[in-house]
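Remarks on the structure that follows.
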Amino acid sequence: MDRQSLRKLQGIRLKKMVDYVYHNTPFYRKKMQEMGITPDDIDTIDDIAKLPFTTKYDLRDNYPFGLCAVPMSQIVRIHASSGTTGKPTVVGYTRKDLATWTESISRAFTAFGADRSDIFQVSYGYGLFTGGLGAHDGAENIGASVIPMSSGNTEKQITLMHDFGSTVLCCTPSYALYLADAIKDSGLPREEFRLKAGAFGAEPWTESMRREIEEKLGIKAFDIYGLSEIAGPGVGYECEHQCGTHLSEDHYFPEIVDPVTLLPVAPGEPGELVFTHLTKEGMPLLRYRTRDLTALHYDTCACGRTLVRMDRILGRSDDMLIIRGVNVFPTQVESVILEMPEFEPHYLLIVGRENNTDTMELRVEVRPDFYSDEINKMVELKKKLHARLQSVLGLGVNVKLVEPRSIERSVGKAKRVIDNRKL
Ligand code: DLL
C-alpha cells in the first residue's frame, strides 16, 4: 500500500479507535475530558498529536484489568511483563487480538523466508512472557511444524534440533550464541543440522553478534521486535535486505518523540518510540511510551514493503535492564530489599556477560544488627534474599552480602547499576 493510502487507512482506524476507547475505557474518557477533547476532534492520522500519552505507570495504577475495554468474558488470553515494582504489567487479548498478533508474527516469519515446509524450534519461554506462545501461533499459522521447546534444557534442545531437523530457531540472540557453543561442544557434526534461519529478539543485540551467530550456526539471523503492551513479538521484523525493522503500522501506529519535551522529532531523527493501537479490542492503548530509543525511516525498502523501517533499539529512556531476555527494573530489586528488615537500602547491581550469557550480581549492605561473623547465618540470609529475588524477578541473581557502610555513597543521584556488557 502506498504511503498516502496507508495514512488514510490509519486515520480511519484512529478515529474509530478513539471513539471506541472514549466509550469503553473510563481511564481514557477521563483523560480526554481533562484535556478538553472528544472523538470528534480526530479526523486524520495527524490528529494523533492531540491525544494523551500512556505510560507503564498508568498500567500499574490500573492493575490488573483496569485498562481493558471489554468485559473479562471477551478476554481469551492474559500475558504479563515486568512492572517497575512488585506487580507485573498485565495485558488482555480478545480472540480477534490474538488473530491480529498471530498475523503480525506470520508476516515476520514469511519475511524470513519460512513457509509450511519449515520446522520451527520455539525456544522462547512459554508462559506469561509473550515470546513462546507468540512465536508458536505465528509459525503454526503459516502451516509450519512447531516444536514447543520453551527456554532452557540446552542438552535436549540440541538433541531435538538435530534429530527432528529443526530449520528455524526462535530464541533470544544471547541464547542462540550459547546454543551455538554448546552444539560445538556436543561433538555432533554441524552438517547433520538443518537449521537455516533464526528469529531473534526480546533483547538488544548488535551487528557483530549477528555475524557471530550466523558464522557459528551457519544460518541467516533475523531481528524480530515487540513488546507485551502492544502485542508481543512481531510488532516489527526484518526483511531479506536487513536494513531496518519493518513495523506493522496498519495495526500499531508508531511515532518518535523527544523523551523530555514529548514533541515529535523529524523523520530519521532518534527519539522515544511511541505506539497507538489502531485495531486492538481487549486493551487498546493510545500513544504508549515504549521507552525504547530508535529512529524511523519512511523511504520504500528494496524488498518492496512500504511499511516504515525502524533502526535497531539504541537504548532506553528509563533504567530497565534485559537480563537473559527477562526485563528487570532496579526498582523491583529495591522493593525486595526494602521489604526485608535485614538490609540497608544501599545496593549495587553489576551486570556482565560470560560465555554469551548475561550475569547479574547484587551487592547489598546488611544492617549492623543482622551482620554476623557466623558463616551459617550469612549463608541463610543470602539464600533467603536469593529466593525472594527469584520469585519477584523470575531470574537467579548472584547475591553478595557486604558489610554495613561498604557501598560507596553518592552525593548526587545514586549509581545503582553498572552494566559491563558491550552492547
Ligand atoms: O520481549 C516480546 C518479544 C518476544 C520480542 C520475543 C521479540 C521476541 P517484553 O518482555 O514486553 O516483550 O519486552 C519488551 O524488550 O520494549 C525492548 O526494550 C526489548 N526488545 C524486544 N525485542 C527487541 C529487539 C518482548 N529485537 C522490550 N531488539 C522492548 C532490541 C528488544 N530490544
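So for the sequence shown, our numbering puts the first residue at 1059; every next one is plus one.
We put the beta carbon where it would ideally sit given N, CA and C, even for glycine.
Distance cut-off 7 Å: residue i Cβ against heavy atoms of ligand 1
i	result
Arg1382	no
Asn1082	no
Leu1285	yes
Ile1095	no
Asn1434	no
Pro1291	yes
Ala1169	no
Thr1102	no
Glu1261	yes
Ile1371	yes
Gly1192	yes
Asn1211	no
Arg1252	no
Asp1377	no
Tyr1182	yes
Asn1456	no
Gly1387	Sequence inspection shows Phe at residue 1387; the Gly mentioned does not correspond to that position. Phe1387: no, Cβ never under 7 Å from ligand 1.
Ser1139	yes
Gly1185	no
Ile1282	yes
Thr1264	no
Gly1302	no
CA nearest to the CA of residue i, picked from the options
i	options	result
Leu1351	Phe1178, Ile1371, Pro1426, Lys1473	Ile1371
Pro1317	Thr1364, Leu1331, Thr1212	Leu1331
Gly1256	Val1315, Ile1177, Pro1328, Glu1287	Ile1177
Ala1197	Leu1186, Ser1175, Asn1211, Gly1185	Ser1175
Pro1247	Asp1221, Ser1266, Val1457	Asp1221
Ser1464	Thr1348, Tyr1429, Leu1064	Tyr1429
Leu1407	Gly1284, Gln1300, Leu1191, Val1455	Val1455
Met1075	Asp1308, Val1409, Arg1347, Gly1470	Asp1308
Leu1420	Gln1448, Asn1434, Pro1426	Gln1448
Arg1268	Leu1285, Ser1232, Arg1252	Ser1232
Ala1157	Gly1192, Lys1145, Phe1170	Gly1192
Met1418	Asp1119, Val1424, Val1384	Val1384
Ala1172	Ile1381, Ile1200, Lys1145, Thr1152	Ile1200
Val1409	Lys1242, Glu1397, Pro1325, Val1386	Val1386
Nonlocal neighbours in the same chain, by C-beta distance under 7 Å from residue i, ignoring five residues either side
i	result
Cys1126	Ile1133, Gly1150, Gly1340, Met1341
Lys1154	Glu1339
Leu1344	Val1079, Tyr1086, Leu1109, Pro1110, Thr1112, Thr1334
Ala1240	Thr1212, Ile1216
Lys1440	Val1457, Leu1459
Thr1264	Leu1481
Cys1297	Ala1169, His1304, Cys1359, Cys1361, Arg1363
Those residues which DSSP pairs with residue i across a bridge
i	result
Ser1139	Thr1147
Phe1170	Paired residues: none, contrary to the question.
Leu1331	Ile1314
Glu1419	Ile1408, Asn1456
Asn1385	Ile1380
Asp1477	Val1409
Phe1111	According to DSSP, which records beta bridges pairwise, Phe1111 is partnered with nothing at all.
Val1424	Phe1401
Tyr1295	Ile1282, His1304
Pro1322	Val1315
Leu1227	Gln1179, Gly1256
Thr1152	Ile1133
Arg1374	Asp1350
Contacts around residue i, its chain only, beta-carbon distance under 6 Å, and the 5 residues preceding and following it disregarded
i	result
Ala1166	Ile1282, Gly1292, Tyr1295
Ile1136	Gly1150
Asp1377	Pro1388
Lys1073	Ile1100
Leu1064	none
Gly1069	Thr1102, Ile1103
Ala1238	Lys1274, Leu1275
Leu1443	Val1457
Ala1260	Gly1189, Thr1230, Gly1383
Residue i - containing beta strand (DSSP E), residue span
i	result
Asp1281	1278-1285
His1404	1401-1412
Leu1443	First-last for Leu1443: 1433-1451, but that is the alpha helix (DSSP H), not the beta strand (DSSP E).
Ala1258	The question names Ala, but residue 1258 in the sequence shown is Phe. Phe1258 -> beta strand (DSSP E) spans 1255-1259.
Arg1268	Careful: Arg1268 lies outside any beta strand (DSSP E), inside the alpha helix (DSSP H) at 1265-1275.
Val1204	1203-1205
Phe1187	Element bounds for Phe1187: n/a, residue is neither H nor E.
Gln1179	1177-1180
Check: residue i C-beta below 7 Å from any heavy atom of ligand 2
i	result
Thr1348	Of the ligands this structure carries, namely ligand 1, none is ligand 2.
Chain-order list of residues whose beta-carbon lies under 8 Å from that of residue i (same chain, five-residue window excluded)
i	result
Met1207	Gln1179, Val1180, Ser1181, Lys1214, Gln1215, Leu1218
Ala1234	Leu1227, Gly1256, Phe1258, Ile1271, Leu1275, Ala1279
Span of the alpha helix (DSSP H), counted from its first residue to its last, around residue i
i	result
Ser1232	1231-1244
Val1366	Per DSSP, Val1366 belongs to no alpha helix (DSSP H) and is neither H nor E.
Tyr1086	1084-1093
Gln1215	1212-1222
Thr1352	Unbroken run through Thr1352 is the beta strand (DSSP E), 1346-1352; no alpha helix (DSSP H).
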